[in-house]
Amino acid sequence: MPIAKKTKSGKWSCVGRVDKSINPSGYKHFTADTKAGAERLANEAARGIVEKRQNMTVGEAIDQYIKDRENVLSPATVRGYKDIKATRFKILMDVRISDVNQTLVQRAVNAESKTCSPKTIRNAHGLLVSALTSVRPELVLKTKLPQKEKPKIVIPTKEKLKDMLASAKEDEDLYLAILICSQLGLRRSELCALKIADVSGSSVTIDKALVLNDLKEWVVKKPKSLSGYRTLPITKDVKEAIKSIKRSPGESLIRIDPALLTKRFERIQPGGIRLHDLRHYYASVMLSLNVPNKYAMELMGHATDNMLKTVYQHTMEEKKVEVAKTIEAYFDGVQQ
């Protein structure tokens, strides 16, 4: 509830929420001779905007939620939100905010679950709840969401990686992409944004990403978080491969966009390992080499080790065999 403060003139002033058509900031100062009077004016204004917004439909609320934040969200996030609005929860889009309840939302989730993955449902529900509560802060939803599925991630062996590189030998961009993703653990968007000038001596600077915006255009943006900014040491293999490239500093290291890069990778690896799995491979290599998580998360561009431990680190087949042999050797002769 807005609380009025006494001004130097002796009057009382209170800040209240108003429609952005009245003030772009969404707030306005209300002045009166008494504290109660200023607070009453602010509360009446707030009720007016709440009533107006609650007459919006769910679809309009999502549009407004995106519009209010699109200058501070990444282009990819805006595109994702607009895709969700266009394709998910269609049975809710024309429902007025004031009429939304748990039963309606649960039915919508249940309907979407027939055709969508649990992750897609969770992302769509997250946007829906954020948009709804921005208009109805008192709304509490405890929707039963589909159980998470364990992602199917294939971690290549060292021999498999060699085969991949051999298959990509005639495609300079693809070869370099496989090498960098597996030995530096870059995201696809980070890799495709790199310029020749970003490589200096034995290191590479990561400070941007190439992403698809809501107009389906490839644009360069800054990393989502401070941890995305980093300088990585490059391996001997990567250094030699980059050195062989004859291009000017301002040119792209990888001359194709992320979508085309994925298509080229799938040609040599149909239905098997994904390009992004090479980032998982890199994390798993660090795990097998006992690299402390603090260093691993910094190299991967994570702010905490939660994502690293829950998503990226996997056991490698070669290491599992090695560990099994160590255990077997320990117990050898116990029965004698």
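Each step along the sequence shown adds one to the number in our numbering, with nothing skipped, and position 18 is 206. Ideal Cβ placement from N, Cα and C applies to all residues, glycine included. The model shown is predicted, which means the values in this text are computed figures rather than measured ones.
(message) Spatial neighbours of HIS217 within its chain, please: C-beta separation below 7 Å, excluding the five flanking residues on both sides.
(response) Locating residue 217 in the sequence shown gives position 29, counting from the first residue. Result list for HIS217: SER201, VAL203, in chain order.
(message) Taking only three categories from DSSP, how would you classify LEU400?
(response) What you label residue 400 is simply residue 212 of the sequence shown in a count that begins at 1. Residue state, collapsed to three classes: strand.
(message) Quick check on the DSSP output: what are the complete alpha helix (DSSP H) runs of length 4 or more inside the region 265-315, in order along the chain?
(response) 290-300
(request) Give every residue of the same chain whose Cβ lies closer than 8 Å to the Cβ of LYS383, excluding the five residues on either side of it in the sequence, and list them in chain order. (result) For the purposes of this step, residue 383 is taken as the residue at position 195 of the sequence shown. Cβ within range, chain order: PRO437, GLY438, GLU439, SER440, LEU441.
(message) Going by the DSSP bridge assignment, what does GLU203 pair with across the sheet?
(response) Reading the sequence shown from its first residue, position 15 is the one you call residue 203. The sequence as given places Val at residue 203; Glu does not occur at that position. HIS217, per the DSSP bridge assignment.
(message) Within a Cβ cutoff of 7 Å, which residues of the same chain sit near VAL407, ignoring the five residues on either side of it in sequence?
(response) Translated into positions along the sequence shown, residue 407 becomes position 219. Result list for VAL407: PRO263, VAL399, ASN401, in chain order.
(request) Given a cut-off of 8 Å, decide if LEU362 and ARG443 are closer than it, judged by their beta-carbon atoms. (result) As a working mapping, residue 443 is identified with position 255 in the sequence shown. As a working mapping, residue 362 is identified with position 174 in the sequence shown. Result no, Cβ atoms of ARG443 and LEU362 do not sit closer than 8 Å.
(request) With LYS409 as the anchor, note down where its beta strand (DSSP E) starts and where it stops. (result) Position 221 of the sequence shown, counted from the first residue, corresponds to residue 409. 406-409 is the span of the beta strand (DSSP E), which, as asked, contains LYS409.
(message) With three or more beta-carbon pairs closer than 8 Å as the criterion, would you say the region 351-369 touches the region 278-293?
(response) no
(request) Please say whether VAL246 and ILE254 have beta carbons closer to each other than 8 Å? (result) Working through the sequence shown from its first residue, we reach residue 254 at position 66. Working through the sequence shown from its first residue, we reach residue 246 at position 58. No, these two residues do not count as a Cβ contact at 8 Å.
(request) Mind checking who PRO421 pairs with in its DSSP beta bridge? (result) As a working note, residue 421 is residue 233 in the sequence shown. The partner list for PRO421 (beta bridge, DSSP) reads SER391.
(request) Please go through the same chain and pick out, in chain order, the residues whose beta-carbon is closer than 8 Å to the beta-carbon of LYS307, but skip the five residues on each side of it. (result) Here residue 307 corresponds to residue number 119 of the sequence shown, with the count starting at 1. Excluding residues within five positions, the ones whose Cβ falls inside 8 Å are LYS336, GLU337.
(request) Please look up how many angstroms separate the CB atoms of LYS424 and LYS410, rounded, as I've assumed it's under 8 Å. (result) Indexing the sequence shown from 1 puts residue 424 at position 236. Indexing the sequence shown from 1 puts residue 410 at position 222. Between LYS410 and LYS424 the Cβ distance is about 30 Å, and since that is not below 8 Å, they are no contact.
(message) One question on the structure: do LEU367 and VAL426 come within less than 8 Å of each other, judged by their Cβ atoms?
(response) As a position in the sequence shown, residue 367 is number 179, starting the count at 1. As a position in the sequence shown, residue 426 is number 238, starting the count at 1. Yes. Within cutoff.
(message) Checking 8 Å against the spacing of the C-beta atoms, do HIS464 and ARG376 come in under that value?
(response) Numbered from 1 along the sequence shown, position 276 holds the residue referred to as residue 464. Numbered from 1 along the sequence shown, position 188 holds the residue referred to as residue 376. Result yes, Cβ atoms of HIS464 and ARG376 sit closer than 8 Å.
(message) Can you tell me whether TYR417 is buried or exposed? The criterion is at least 16 other CB atoms within 10 Å of its CB, across all chains shown.
(response) Within the sequence shown, the letter at position 229 stands for residue 417. So TYR417 ends up on the exposed side.
(request) Could you tell me the boundaries of the alpha helix (DSSP H) in which ARG452 lies? (result) On the sequence shown, position 264 is the one that residue 452 refers to. Element bounds for ARG452: 446-456.
(message) Distance check for VAL392 and VAL479, CA to CA, integer angstroms please.
(response) Taking the sequence shown and counting its residues from 1, the one referred to as residue 479 is at position 291. Taking the sequence shown and counting its residues from 1, the one referred to as residue 392 is at position 204. Taking the straight line from one Cα to the other gives about 20 Å.
(request) Could you pull out every residue in the same chain whose Cβ sits closer than 7 Å to the Cβ of HIS313, ignoring the five residues on either side in sequence? (result) By one-based count along the sequence shown, residue 313 stands at place 125. Within the same chain, HIS313 has close Cβ partners VAL297, THR331, LEU333.
(request) Grab the span of the alpha helix (DSSP H) containing ALA356 for me, first residue to last. (result) For the purposes of this step, residue 356 is taken as residue 168 along the sequence shown, with counting starting at 1. Element bounds for ALA356: n/a, residue is neither H nor E.
(request) May I have the straight-line CA-CA distance separating LEU379 from LEU496, to the nearest angstrom? (result) Position 191 of the sequence shown, counted from the start, is the residue given in the question as residue 379. Position 308 of the sequence shown, counted from the start, is the residue given in the question as residue 496. When rounded, the distance between both Cα atoms is 19 Å.
(message) What would DSSP say about SER377, mapped onto helix, strand or coil?
(response) For the purposes of this step, residue 377 is taken as the residue at position 189 of the sequence shown. Three-state result, SER377: helix.
(request) Below 6 Å CB to CB, which residues in the same chain sit around THR419 once its five sequence neighbours on both sides are set aside? (result) Stepping through the sequence shown from its first residue, residue 419 is reached at position 231. So the qualifying residues of the chain are SER391, THR393.
(message) Looking at the secondary structure, which residues open and close the alpha helix (DSSP H) in which ILE250 lies?
(response) Within the sequence shown, the letter at position 62 stands for residue 250. 246-257 is the span of the alpha helix (DSSP H), which, as asked, contains ILE250.
(message) Using the three-state DSSP reduction, which class does LYS208 fall into: helix, strand or coil?
(response) What you label residue 208 is simply residue 20 of the sequence shown in a count that begins at 1. Three-state result, LYS208: coil.
(message) Does the CB of ARG276 have a neighbour CB from chain D at under 8 Å?
(response) Among the chains of the structure shown, chain D does not appear; only one protein chain is present.
(message) Determine whether the beta carbon atoms of LYS273 and ASP256 lie at a separation below 8 Å.
(response) For the purposes of this step, residue 273 is taken as the residue at position 85 of the sequence shown. For the purposes of this step, residue 256 is taken as the residue at position 68 of the sequence shown. The answer is no: Cβ separation not under 8 Å.
(message) With the cut-off set at 8 Å, would you say ILE343 and SER472 are in Cβ contact?
(response) Numbered from its first residue, the sequence shown carries residue 343 at position 155. Numbered from its first residue, the sequence shown carries residue 472 at position 284. In this structure, SER472 lies closer than 8 Å to ILE343 by Cβ.
(request) Taking only the alpha-carbon atoms, compute the straight-line gap between LEU364 and VAL206 and give it to the nearest angstrom. (result) Position 176 of the sequence shown, counted from the first residue, corresponds to residue 364. Position 18 of the sequence shown, counted from the first residue, corresponds to residue 206. When rounded, the distance between both Cα atoms is 54 Å.
(request) Identify, in the order they occur along the chain, each residue of the same chain with its Cβ nearer than 8 Å to the Cβ of MET244, setting aside the five sequence neighbours on each side. (result) Start at 1 with the first residue of the sequence shown, and residue 244 comes out as number 56. Cβ within range, chain order: GLN252, ARG284, ILE285, VAL323.
(message) So, for LYS357: in the same chain, excluding its five sequence neighbours on each side, which residues have a beta-carbon less than 8 Å away from its beta-carbon?
(response) Along the sequence shown, one-based indexing puts residue 357 at 169. TYR363, listed in sequence order.
(request) Thinking ALA234 and LEU320 are a contact (beta carbons under 8 Å), I'd like their distance in whole angstroms, please. (result) Here residue 234 refers to the residue found at position 46 when the sequence shown is read from its first residue. Here residue 320 refers to the residue found at position 132 when the sequence shown is read from its first residue. Contact doesn't hold; Cβ gap of about 18 Å is too wide.
(request) For GLU300, count neighbouring Cβ atoms within 10 angstroms of its own Cβ and tell me buried if that reaches 16, exposed if not. (result) Along the sequence shown, read from residue 1 onward, the residue named residue 300 stands at position 112. Buried, since its Cβ has 16 or more Cβ neighbours within 10 Å.
(message) By alpha-carbon positions, which one of LEU414, ASP386, ALA385, LYS404 ends up nearest to ASP445?
(response) Along the sequence shown, one-based indexing puts residue 445 at 257. Per the Cα distances, LYS404.
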